[in-house]
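The block underneath contains the structure these notes are about, expressed in structure tokens.
In this note's numbering, the protein residues as written are 4 to 314.
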């Protein structure tokens, strides 16, 4: 097993998220991806060793590889040669898992794209509901490829709460409220919402083509964007096993559970925990589930980048 970091205690802590510890560096931020893991918006007691390194290195790979990801917030990933001033003594803990990023004003819309019918999209469809305002053809099976990728935005809920689906018109309204607090911006709500949709779909198109050539299906993914002045910047993590759903092409069959390279193995275990209401405290995760999740994260990185992850 790789080394484990569940929490960092460094100078200038801004906040702790479910997975990341964030530190203030003036005009930039230090994002430290720990090995904490959450499911159903609940942080588990057991970490996945090395997970934070995979998340950071995967984001770095996509940001450097896909033209549609630019412009983005990444400055550099911390290593022995590049480390923020005042943090050199912590480089052994930070290298590979910490990223220095430009501070942006996050747009309060989670930009979700679905190429396949899975997760909450499948649950809504199976219940006879529209998927974020999209009415889909009848007779689709779980995991089936959609006729075209769908932009299915959600709210960006506060910590501990669930994101809620938005129709496109509701996303425009949400963006409008965000822009109303920023007088003088060149953006209209309609123009920004359309740009969010267009960039989300184009990133998905490019990433999906890359993944399929390497035997992986990119079923769905979510992105965040922020404003730097009047420039729309891709932010947060990008196409990681925490923010996207990756399936093995060789085991994919519509209607069946495919082999996945993400935390689906953890979700599947939690769904079998009778009596747990998906609220804290979480159940204990067995070692074999942790080991399988650890393997899945590393396999995703290896297959998508062509290189083994270095810890």
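Idealized CB from N, CA, C, for every residue including glycine.
Does the segment 124–136 touch the segment 101–108, meaning 3 or more C-beta pairs lie closer than 8 Å? A contact between stretches requires three or more CB pairs, one per stretch, nearer than 8 Å, and the segment 101–108 fails this requirement with the segment 124–136.
Let me know the secondary structure DSSP gives residue 288 once reduced to three states. coil
Short of 6 Å in beta carbon distance, which residues of its chain neighbour residue 112, apart from the five on each side in sequence? Order them along the chain. 156, 174 and 177
Span of the alpha helix (DSSP H) holding residue 239? Residue 239: not part of any alpha helix (DSSP H); DSSP gives it neither H nor E.
Look at the Cβ atom of residue 40, then the Cβ atom of residue 266, and state whether they are nearer than 8 Å. yes
Helix, strand or coil at residue 43 [DSSP, three-state]: coil
Does DSSP put residue 279 in a helix, a strand or coil? coil
Using a Cβ-Cβ cut-off of 8 Å (strictly less than) and excluding sequence neighbours within five positions of residue 263, which residues of its own chain qualify? 248, 249, 250, 251 and 299
Return the residue from the list 224, 6, 217 and 219 that minimises the CA-CA distance to residue 202. 224
Note down, in chain order, each residue of its chain lying with its Cβ closer than 8 Å to the Cβ of residue 123, except the 5 sequence neighbours on either side. Closer than 8 Å at Cβ, skipping near neighbours: 168.
Ends of the beta strand (DSSP E) at residue 153? 148–154
As a quick exercise: from 153, 196 and 136, pick the residue whose alpha carbon is nearest that of residue 170. 136
Limits of the beta strand (DSSP E) - the one that residue 102 falls within: 101–105
Beta-carbon proximity check, residue 8 vs residue 55, cutoff 8 Å: For the pair residue 8 and residue 55, the CB atoms are nearer than the 8 Å cut-off.
If you measure between the beta carbons of residue 218 and residue 253, is that distance less than 8 Å? yes
Nearest candidate by alpha-carbon position, reference residue 125, set 114, 212 and 142: 142
Spatial neighbours of residue 106 within its chain, please: CB distance less than 7 Å, with the 5 preceding and 5 following residues excluded, ordered by chain position. 30, 31 and 32
Is any non-hydrogen atom of the ligand MG found closer than 7 Å to the C-beta of residue 63, if you look at the structure I gave you? Within the structure as shown, the ligand MG is missing, as the structure has no ligands at all.
Same chain, Cβ closer than 6 Å to residue 286, neighbours up to 5 away in sequence not counted: 276 and 279
Between the Cα of residue 49 and those of 269, 304, 306 and 301, spot the shortest distance and give me the residue it belongs to. The candidate whose alpha carbon is nearest that of residue 49 is 269.
Run through DSSP, which three-state label would residue 375 get? No answer is possible for residue 375: it lies beyond the span of the chain, which begins at 4 and ends at 314.
Indicate whether residue 293 and residue 304 have their beta-carbon atoms separated by less than 8 Å. No; because the gap between Cβ atoms is not below 8 Å, this pair is not in contact.
Helix, strand or coil for residue 255, going by three-state DSSP, please let me know. coil
For residue 226 versus residue 236, is the C-beta spacing smaller than 8 Å? no
Between residue 34 and residue 19, how many whole angstroms is the CB-CB distance? I'm expecting something under 8 Å. No, residue 34 and residue 19 are not in contact; Cβ-Cβ is about 12 Å, not under 8 Å.
Look up residue 265 in the DSSP assignment and say whether it is helix, strand or coil. coil
Among the residues of its own chain, which have a CB less than 7 Å from the CB of residue 109, if the five just before and after it don't count? 227, 229 and 238
Just to confirm my understanding: we take residue 38, look at its own chain, exclude 5 residues before and 5 after, and list those with CB closer than 7 Å. What are they? 7, 8, 9, 50, 51, 52, 53, 54 and 55
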